[in-house]
Amino acid sequence: MANLKLDRVGKTYAGGVSAVENASFEIADGEFIVLVGPSGCGKSTMLRMIAGLEEITDGDVQIGDRSVNGVEPGDRNIAMVFQNYALYPHMTVRGNMAYGLRNQGMPKPEVEARIAEAARFLQLEPYLDRKPSALSGGQRQRVAMGRAIVREPSVFLFDEPLSNLDAKLRTQLRAELKDLHKRLGATFIYVTHDQIEAMSLADRIVIMSAGRIEQIGTPMELYANPASTFVAEFIGAPPMNVLPVTGEAARAFLAQEARVPDDLGHVGIRPELMSIGDNGIPATITLVEPLGAETLVHLKMGADKLIMRSGHGLALDAGAEIKVAVEAGALRFFDRDGRTRSA
Amino acid sequence: MAALPPYTTLGQRIWHYTFRTIVGLVLFFLIAPILVIIPLSFNAENFFTYTPGMLALDSEAYSLKHYRDFFNNSDWQQAMRNSLMIAPAATLISVGLGTLAAIGLSQSHVPFRRAIMAILISPMIVPLIISAAGMYFFYSRVGLQGTYLGVVLGHAALGIPFVIITVTATLVGFDRSLTRAAANMGANPVTTFFRVQMPLILPGVISGGLFAFITSFDEVVVVLFVGSAGQKTLPWQMFIGLREQISPTILAVATILVALSIMLLTTVELLRRRSERLRGISPG
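These protein sequences, in sequence, are chains A and B.
Letter by letter, the first sequence follows residues 1 to 343 of UniProt numbering.
Letter by letter, the second sequence follows residues 1 to 284 of UniProt numbering.
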């Protein structure tokens, strides 16, 4: 009932600037989809087009097998949570949550019942009669979610809802969101620029760059087999090492590989798929970053720089000469345009 | 007054006190002409001067006779009634049109926004006498000269710029995602305007309205041109009073108007504080 389909959707602004081009994907009922990409990649525009807050200039958006291109935002059975929460400062928490229901002309007892249920669900009961300005950031975030939940929509849209919170609260609310998704069973579409949020929340990730969809897949698919150097460098912290094939490091890696595709532009390798070995590719340590559970080792191979992830307790310092061993099948190959090539 | 820190040099000390003196003089220069008329309005004599009795604080030298004259004289009462009819009507028109114009002009897709804004603000910049003369010729042609409607429209044109400026300033801080959220929750634009946008920009609307009201209430040039004797307002009557009779009743009226202005400005200030409290919403 709440599956979503985007068919060659595009958005061109009046000045001729294209924000989204030819975006097509399908979302199953109850799926948690994360749209991720750097600032200005069109992910928020895409979300607003799904919500109906921005006009679609090309293609078709279908919700539950019904084209909604000309349907009012309020009639799409969609609830959106905004980055800055968009709570009405002149209304109490209760008033904020009731607003959408009153617009639908819902009778008062039912409105009250739904608010009570959502407040219990989100532990907002003590705050119902407060104004948003008297709440903390995390509480405002919960009110914004409560305002969406009471409408019992089939699709929830989230526009970077955690980006205004501090790191600790973000981790906590991330877990709550995941839990919320499980309990509600609704379709979630979530926009973020934070790849960690995307990885931890999503059933599937849609990664965008400059108005185009780069790749769609489960978090682990994207991590293990990025479709382009853009995805490789966007997903993962630290990102995949992407080395130009003309450089010394790439030549050394390729020399160890049995089957190498031709017409290569770049070679990629994840930091954790390398280790310090007795024999391997010679490298110089330039910087050691101990992070507790793991240590990031910055290396130099000839003119190329790369990062290796190592366990804790590394007894080496900058300047040390080491040999780098590579796990079998760790290399990823990209052509000159940065697209994946398989061996 | 806080003591100066021990390390101040002689030059800094001199400047410190000179600066305070200058500030004091500026405030005195601004306020004195207004304060001077207040005691004079209680003068028991029919003069514009402080009598020896007044300076000696003799209660015999003070009276409310000018106030009594104001409230009993039919000329003044008629002028008062006219002002109280014209100013609110002009304010309503200014607020309605000015608020709508400000909201429209704050939308990025409206073409020629700057030019339209400049035209709407122009009554504030063009010398009043030119606006008034223009209105006189235009209103005579269309039959509005010498009518209440003509004066109200003229004053509304003068008040609109104030409303546009204050409402535009309030809209700068207005979070567009609030209207998006309202649309997402099924509110149509009219509902959104009255339930979401209006309550939040209300302080700006009201202060703009107060400025428009004061403009109309104090205005003498346009009403002289556009109005006829039937639309004589308080400022007009004061003008006549100064020119023809030199009656101290003017001082009583002036005091009443000053008190009214202070009340209105206090309202503006209280509204501004309320608006700042509401703005405390910024997340995080």
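C-beta: ideal position from N, C-alpha, C; glycine also.
Within-8 angstroms CB hit, residue i to chain A
i, result
"glycine 53 of chain B", "no"
"leucine 105 of chain B", "no"
"lysine 65 of chain B", "no"
"asparagine 149 of chain B", "Looking at the sequence itself, residue 149 of chain B is leucine, so the reference to asparagine does not match. Leucine 149 of chain B does not count as touching chain A."
"leucine 271 of chain B", "no"
"serine 177 of chain B", "yes"
"arginine 180 of chain B", "yes"
"valine 167 of chain B", "no"
"isoleucine 281 of chain B", "Note that isoleucine 281 of chain B scores a pLDDT of 45, beneath 50, so its modelled location is shaky and nothing firm can be said."
"tyrosine 17 of chain B", "no"
"alanine 118 of chain B", "no"
Proximity below 8 angstroms, CB of residue i to CB of residue j
i, j, result
"alanine 283 of chain A", "valine 36 of chain A", "no"
"leucine 157 of chain A", "isoleucine 56 of chain A", "no"
"valine 253 of chain B", "phenylalanine 70 of chain B", "yes"
"leucine 251 of chain B", "serine 41 of chain B", "yes"
"valine 93 of chain A", "glycine 59 of chain A", "no"
"leucine 87 of chain A", "alanine 144 of chain A", "yes"
"lysine 232 of chain B", "alanine 132 of chain B", "no"
"phenylalanine 234 of chain A", "isoleucine 207 of chain A", "yes"
"valine 191 of chain A", "lysine 43 of chain A", "yes"
"residue 362 of chain A", "glycine 217 of chain A", "Nothing about residue 362 of chain A can be reported from this structure: the residues present for chain A run from 1 to 343 only."
"isoleucine 285 of chain A", "valine 297 of chain A", "yes"
"glycine 268 of chain A", "valine 242 of chain A", "yes"
Proximity test, residue i beta-carbon vs the ligand COA heavy atom, cut-off 7 angstroms
i, result
"methionine 97 of chain A", "Within the structure as shown, the ligand COA is missing, as the structure has no ligands at all."
Spatial distance of residue i from residue j (CA atoms)
i, j, result
"tyrosine 7 of chain B", "arginine 13 of chain B", "10 angstroms"
"proline 283 of chain B", "threonine 229 of chain A", "In this predicted model, proline 283 of chain B has a pLDDT of only 36, less than 50, meaning its place in the structure is not dependable enough to derive any value."
"leucine 105 of chain B", "glycine 159 of chain B", "17 angstroms"
"threonine 187 of chain A", "methionine 185 of chain B", "17 angstroms"
"glycine 15 of chain A", "leucine 173 of chain A", "39 angstroms"
"phenylalanine 239 of chain B", "valine 220 of chain B", "8 angstroms"
"phenylalanine 217 of chain B", "asparagine 43 of chain B", "25 angstroms"
"aspartate 29 of chain A", "glycine 329 of chain A", "36 angstroms"
"leucine 84 of chain B", "tryptophan 236 of chain B", "13 angstroms"
"residue 350 of chain A", "isoleucine 33 of chain A", "Absent from the model: residue 350 of chain A. The displayed extent of chain A is 1 to 343, so no value can be given."
"glutamate 248 of chain A", "glycine 313 of chain A", "29 angstroms"
"valine 26 of chain B", "isoleucine 256 of chain B", "24 angstroms"
"isoleucine 246 of chain B", "alanine 259 of chain B", "22 angstroms"
"glycine 11 of chain B", "isoleucine 22 of chain B", "16 angstroms"
"aspartate 175 of chain B", "asparagine 164 of chain A", "15 angstroms"
"isoleucine 78 of chain A", "alanine 119 of chain A", "20 angstroms"
"isoleucine 281 of chain B", "proline 107 of chain A", "With a pLDDT of 45 at isoleucine 281 of chain B, under the threshold of 50, the predicted position of this residue should be treated as unreliable, though the coordinate-derived value follows. The alpha-carbon atoms of isoleucine 281 of chain B and proline 107 of chain A are separated by roughly 30 angstroms."
"leucine 169 of chain A", "glutamine 139 of chain A", "11 angstroms"
"tryptophan 76 of chain B", "valine 142 of chain B", "30 angstroms"
Reference residue i, options the options, closest by Cα
i, options, result
"alanine 181 of chain B", "A:Gly30, A:Tyr85, A:Gly319, A:Ala2", "A:Tyr85"
"isoleucine 27 of chain A", "A:Pro290, A:Lys5, A:Met46, A:Ile196", "A:Lys5"
"glutamate 31 of chain A", "A:Arg309, A:Leu47, A:Arg212, A:Gly185", "A:Gly185"
"threonine 295 of chain A", "A:Val143, A:Gly302, A:Leu287", "A:Leu287"
"tyrosine 148 of chain B", "B:Thr192, B:Ala90, B:Leu10", "B:Ala90"
"threonine 179 of chain B", "B:Leu144, B:Gln107, B:Gly134", "B:Gln107"
"proline 89 of chain A", "A:Ala2, A:Arg130, A:Ala318, A:Ser18", "A:Arg130"
"isoleucine 164 of chain B", "B:Val126, B:Arg141, B:Phe211, B:Met135", "B:Phe211"
"valine 36 of chain B", "B:Phe193, B:Leu120, B:Leu55", "B:Leu55"
Neighbour flag for residue i against chain B, beta carbons, 8 angstroms
i, result
"glutamine 172 of chain A", "no"
"proline 239 of chain A", "no"
"glycine 319 of chain A", "no"
"histidine 298 of chain A", "no"
"aspartate 75 of chain A", "yes"
"histidine 90 of chain A", "yes"
"asparagine 69 of chain A", "no"
Delimiting residues of the beta strand (DSSP E) encompassing residue i
i, result
"threonine 215 of chain B", "Note, threonine 215 of chain B: premise wrong, no beta strand (DSSP E); alpha helix (DSSP H) at 198 to 218."
"isoleucine 63 of chain A", "58 to 63"
"threonine 166 of chain B", "Segment 148 to 172 is the alpha helix (DSSP H) holding threonine 166 of chain B; no beta strand (DSSP E) there."
"methionine 208 of chain A", "204 to 209"
"glycine 137 of chain A", "Run containing glycine 137 of chain A: none in the beta strand (DSSP E); it sits in the alpha helix (DSSP H), 137 to 149."
"leucine 306 of chain A", "304 to 311"
"isoleucine 125 of chain B", "From DSSP, isoleucine 125 of chain B is part of no beta strand (DSSP E) but of the alpha helix (DSSP H) over 113 to 125."
"valine 245 of chain A", "Neither: valine 245 of chain A is in no beta strand (DSSP E) and is coded neither H nor E."
"lysine 131 of chain A", "No beta strand (DSSP E) holds lysine 131 of chain A; DSSP gives it neither H nor E."
Extent of the continuous alpha helix (DSSP H) run through residue i
i, result
"leucine 201 of chain A", "195 to 201"
"leucine 273 of chain A", "Unbroken run through leucine 273 of chain A: none, as it is neither H nor E."
"leucine 296 of chain A", "No alpha helix (DSSP H) contains leucine 296 of chain A, which is instead part of the beta strand (DSSP E) from 294 to 301."
"serine 44 of chain A", "43 to 51"
"glutamate 221 of chain A", "219 to 224"
"glycine 134 of chain B", "128 to 142"
"phenylalanine 71 of chain B", "65 to 72"
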